[in-house]
Each structure stands twice: as structure tokens, then as C-alpha cells.
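Contents: one structure, followed by commentary.
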Amino acid sequence: MADDTVRPPINQISDKDVLIAVMGLTGSGKSTFINLATQSANKLQVGHSIQSCTEVVERADPFDLDGRRIVLFDTPGFDDTNKSETEILRIIAFELEKQYRKGQTLHGIIYVHRISDLRVGGLAKTNFSIFRKLCGESSLKNVVIVTSMWSRLPSADEGRRRVAELTSLDDFFKPAIAKGATMMHHIQNTVSSAHGILRQILKNHPMALSIQTEIVDQHKTITETGAGMALDEKLALLAQRYERKLKEQFEAAEQARRERDEETRKEQLEEAERIRQLLSKLEEEKRDQARQYQLLQEQFAEAERKREHDIRQVEQRRRRETNAAEVRLRQQVNTAGRRRTQETVELEERMTNVAMSPSSPRPRNHRHGVIVSGRSYAMYNKQHESYYATLDDNEEHREYLPPKFVLQPYK
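Using the numbering used here, read the sequence shown as starting at 370 and increasing by one per residue.
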């Protein structure tokens, strides 16, 4: 039986769509997972190095799974090689804000982690901490932590050992799992494996993330959100590290000056200048984060106003065209009515002097004159001195006129 369900256009999202965001560090396999799951000809770009290929939130082509239409979103990692962490947070938060303002909430988030990483570094831990703040404690039950890159492991036993380690770290996955997050393993790297992970999310009820309610409902700036403050803490620690490093470089340069080692002194000062520039950029990013996000909001609001203005113009044009069509139709109906009335009046005027008498029945064998079938009437027009008759095709009541009556069409 054919599926008669009316589906929205591929570039539009409906209220019944299952929306899932895919997050994780750069090179963790987010785009590869999405391409595998969607099996779309429009592949997302996949990176095979630490260089990031996803610089904006990308929406993959929708696809059907178990009678549901799935829409996956690919997001840049907080360790993006081309953008700063503050820029990445702005990009992700702004996309989530736009969805929430349209009444769209995620059914779940997939956080992809490389099982092949030998150790869990500080970068992975701090980024997952920001991710947790972005989601909020209550929506962690809609999060699925997915391990990838199993083919790079020496054995399955090594993989199980690493999973046990990941789930036991108090500053990594353990707290999220305790709050309801699920861990699954994309071992086979097959369509079936990817769809199995998505089926876990199909059981969820869509929920707003913490950063969505903070920005839209509580009217917080991005730096006041939990994710924004977590990022600020990380940047503050990074700034402190830069400052210590800068101090060490100046001390080393001074030591080289005393030892008359000009070459070493020059190298130390160059390194100090590089660190100073990094520190200055970091402080500028922290300072401008709220302003830059507000600029995005203003640009989006202006675009929405323009879109609504264009929609109103289209609706007004359609109403004008509809009204004009209705006026033309009424005019045509009125004209046709006047024409029928005029024809009726003219017909009545023509019939004013017509003498009309019933025709006389004649024997069946009377064959003279013109046959007039049915209960016909012979009429004589005094002005044109001619007869005409009305005809009713009825075989049972045929009547004949005598030869002296010759019927002619009415002139």
C-alpha cells in the first residue's frame, strides 16, 4: 500500500521530525557517522586529520527510520582548528536559540568520542564539561555517548578496558551517566550500527537544552549561561597559563642579556611577544563574546523582520488578486443576467401578436404535410404570414397537419 503521508520539503523541518545534534571533538567521527546513517548522496565533508571540516552547524538531508523522519545536525568541535572556542560556542548556541524560538527542540544529542585515544586529556575533559553545561542536568537523559574508531584498537579486550576507564572517571563521563546519559559503541561502523544508536534516541521525549532556556526564557547573555561561564573558567585558566609563560620568557630573556647571549635573548623575546599576542586575543574574545552574540541576534531579528515583511507583501498581493478575480466574476455574472433578461424581454415582445391554437389530431395514415411530433401547436405570425410549430419528440402522440399548412421556420 502506498504511503499517502504528506511530507515537508527536504529543506524544511516539520513538527513531527526527530531532531538530533551530533557533537564531539574535531576528528571524532561525527560527519562519518551522519553520512553512514543518512546514506544521502549529499555527503557532509569528512576530515581525515586534526584539521576541522565543520565550521558551522550543518543539517544533513532528512531520512526515514522506523516510520519517523530523522534530521541530523553536524556541529563543529570546541577544539576547532579554524575558530576559537568562543566562536564555536556562539555558533552552536545561536543555532539552538533559533530552533527553540521556532518551537523546535531536540530529541537527543549524540556525543562522539574516539575510543582509540590512548588517554583522556585535559582538552577532552574541559570540552565535555562545557557540553554538560550546554545541555543542563535534566536533559542529560537524552544524551547518548557514542564511542567510535574501534577498528584502530589492537583488540576488543583493549576496547572494553578503555570503556571501563571512561565510565569510571569522575571528571569525565561518569557524572553524566549518573544523570541518565547512555553510552553506546559504534563498533562495526555499519548502517545497522548507526541506526541502532538512533533508535535509542527515538524513545526520547524532546526537551529544551539549558542554554536554550537561559537565553530565550531567562534572557541571559551568552556569557551568563552555564556553558558561557564554564568556557570563561577555562579561558581564565588558559590566560593564567599564558601569563606565567610570558613571565618565564621575560626572565629567560633577561638571563640571556646578562650572559651576553644575544641570540637566545632574541628568541626568548620573540616567544614572549607571541604569547603576549595570544593573551591579548584571548582577553579580547572574552570581552567581546556577549557583544558578538548580541550582533548575531540583531542580524537574525532583522532577517526575520524582512522575511515576515516579504510574507505579508505576498499575502497582500494574493488578497488583491483574489478580490480582483471575485469582482470580475461578479461582473460576468451580472452581465450574463442582464443579457438573459434582455433576451426574455425581446422574446416576449415577439410573441405579443402571435395567435396560437392546438393542432388537431389526424389519422395515423394521414401522410400529408410536415410531421409534428407530440402535443404540438401550430402558430401563425400575422406580421410574417408564416406558421411554425413547437416540437416534442414523443412517438406515442404523433399528429399531422393538412397539406394546406406548410410549416416554415420562424424568421
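Every residue, glycine too, gets a C-beta built ideally from N, C-alpha and C. Remember, it's a predicted structure, so these values are computed and weren't measured experimentally.
Tell me which residue opens and which closes the beta strand (DSSP E) that residue i is part of.
{"i": "Val-532", "result": "Here Val-532 belongs to no beta strand (DSSP E); instead the alpha helix (DSSP H) covers 525-537."}
{"i": "Arg-483", "result": "477-483"}
{"i": "Arg-437", "result": "437-443"}
{"i": "Ala-390", "result": "387-393"}
{"i": "Ser-520", "result": "Note, Ser-520: premise wrong, no beta strand (DSSP E); not H, not E."}
{"i": "Thr-551", "result": "551-554"}
{"i": "Phe-432", "result": "432-434"}
With a threshold of 16 other CB atoms inside 10 Å of the CB of residue i, please say whether the residue is buried or exposed.
{"i": "Met-392", "result": "buried"}
{"i": "Thr-713", "result": "exposed"}
{"i": "Val-702", "result": "exposed"}
{"i": "Ser-498", "result": "buried"}
{"i": "Ser-524", "result": "exposed"}
{"i": "Ile-680", "result": "exposed"}
{"i": "Arg-488", "result": "exposed"}
{"i": "Asp-384", "result": "exposed"}
{"i": "Arg-733", "result": "Residue confidence is low: Arg-733 scores 48 on pLDDT, short of 50, so the model does not pin down where it sits. No coordinate-derived value is stated."}
{"i": "Leu-606", "result": "exposed"}
{"i": "Asn-573", "result": "buried"}
{"i": "Ser-400", "result": "buried"}
{"i": "Gln-381", "result": "exposed"}
{"i": "Thr-559", "result": "exposed"}
{"i": "His-482", "result": "buried"}
{"i": "Gln-658", "result": "buried"}
{"i": "Ala-672", "result": "exposed"}
{"i": "Thr-444", "result": "buried"}
{"i": "Met-720", "result": "exposed"}
{"i": "Asn-692", "result": "exposed"}
{"i": "Asn-404", "result": "buried"}
{"i": "Gly-398", "result": "buried"}
{"i": "Asp-526", "result": "exposed"}
Tell me the residue span of the alpha helix (DSSP H) that contains residue i.
{"i": "Ala-605", "result": "595-627"}
{"i": "Gly-491", "result": "491-504"}
{"i": "Phe-463", "result": "454-470"}
{"i": "Phe-402", "result": "399-407"}
{"i": "Leu-509", "result": "Premise fails: Leu-509 is in no alpha helix (DSSP H) and is neither H nor E."}
{"i": "Leu-571", "result": "560-571"}
{"i": "Leu-575", "result": "The amino acid occupying residue 575 in the given sequence is Pro; Leu does not appear at that position. Taken as a continuous stretch (DSSP letters only), Pro-575 belongs to no alpha helix (DSSP H), as it is neither H nor E."}
{"i": "Ile-546", "result": "543-547"}
For residue i and residue j, what's the separation of their Cα atoms in angstroms?
{"i": "Ile-566", "j": "Leu-458", "result": "26 Å"}
{"i": "Val-683", "j": "Ala-545", "result": "49 Å"}
{"i": "Gln-668", "j": "Arg-676", "result": "12 Å"}
{"i": "Arg-687", "j": "Arg-699", "result": "18 Å"}
{"i": "Lys-412", "j": "Glu-617", "result": "48 Å"}
{"i": "Arg-530", "j": "Ala-622", "result": "47 Å"}
{"i": "Asn-496", "j": "His-476", "result": "22 Å"}
{"i": "Ala-625", "j": "Ile-479", "result": "52 Å"}
{"i": "Glu-593", "j": "Thr-474", "result": "21 Å"}
{"i": "Lys-614", "j": "Ile-644", "result": "7 Å"}
{"i": "Leu-538", "j": "Leu-648", "result": "31 Å"}
{"i": "Gly-743", "j": "Arg-697", "result": "Bear in mind that the predicted position of Gly-743 carries a pLDDT of just 44, short of 50, making it unreliable; the figure below should be weighed with that in mind. If you take the alpha carbons of Gly-743 and Arg-697, they lie about 44 Å apart."}
{"i": "Ala-547", "j": "Leu-503", "result": "17 Å"}
{"i": "Val-585", "j": "Ala-462", "result": "11 Å"}
{"i": "Glu-639", "j": "His-564", "result": "52 Å"}
{"i": "Ala-705", "j": "Glu-715", "result": "15 Å"}
{"i": "Glu-717", "j": "Arg-709", "result": "12 Å"}
{"i": "Gln-609", "j": "Glu-652", "result": "11 Å"}
{"i": "Lys-603", "j": "His-678", "result": "43 Å"}
{"i": "Thr-395", "j": "Leu-664", "result": "27 Å"}
{"i": "Glu-631", "j": "Lys-650", "result": "29 Å"}
{"i": "Arg-707", "j": "Glu-690", "result": "26 Å"}
Might you give, ordered along the chain, the residues of its own chain that have their beta carbon closer than 8 Å to the beta carbon of residue i, omitting 5 neighbours on each side?
{"i": "Phe-442", "result": "Leu-388, Ile-389, Ala-390, Val-391, Val-426, Glu-427, Arg-428, Ala-429 and Glu-464"}
{"i": "Gln-637", "result": "Gln-618, Phe-619, Ala-621, Ala-622 and Ala-625"}
{"i": "Leu-571", "result": "Val-387, Leu-434, Asp-435, Arg-437 and His-476"}
Leaving aside the five residues before and after residue i along the sequence, list all residues of the same chain whose C-beta is less than 6 Å from its C-beta, in chain order.
{"i": "Asp-540", "result": "Lys-494"}
{"i": "Gln-557", "result": "none"}
{"i": "Tyr-662", "result": "Arg-459 and Ile-591"}
{"i": "Ser-562", "result": "His-555"}
{"i": "Ile-439", "result": "Val-387 and Phe-432"}
{"i": "Ala-641", "result": "Leu-615, Gln-618 and Phe-619"}
{"i": "Lys-510", "result": "Gly-549"}
{"i": "Glu-654", "result": "Ser-453 and Thr-455"}
{"i": "Leu-535", "result": "Phe-542"}
{"i": "Ser-508", "result": "Met-576 and Leu-578"}
{"i": "Ser-409", "result": "Asp-430"}
Whose C-beta lies closer than 7 Å to the C-beta of residue i among residues of the same chain, with five residues either side of it excluded?
{"i": "Met-553", "result": "Val-513, Val-515, Ile-566 and Gln-569"}
{"i": "Glu-454", "result": "Phe-447 and Leu-600"}
Is any beta-carbon of chain E found at less than 8 Å from that of residue i?
{"i": "Asp-486", "result": "Absent here is chain E; the protein component of the structure consists of one chain."}
For residue i, verify whether its CB is less than 7 Å away from any heavy atom of the ligand NAD.
{"i": "Asp-679", "result": "Absence of the ligand NAD is noted for the structure shown, with no ligands found whatsoever."}
Assess, as a yes-or-no matter, whether the region 575-590 is touched by the region 462-476 under the definition of 3 or more beta carbon pairs within less than 8 Å. yes
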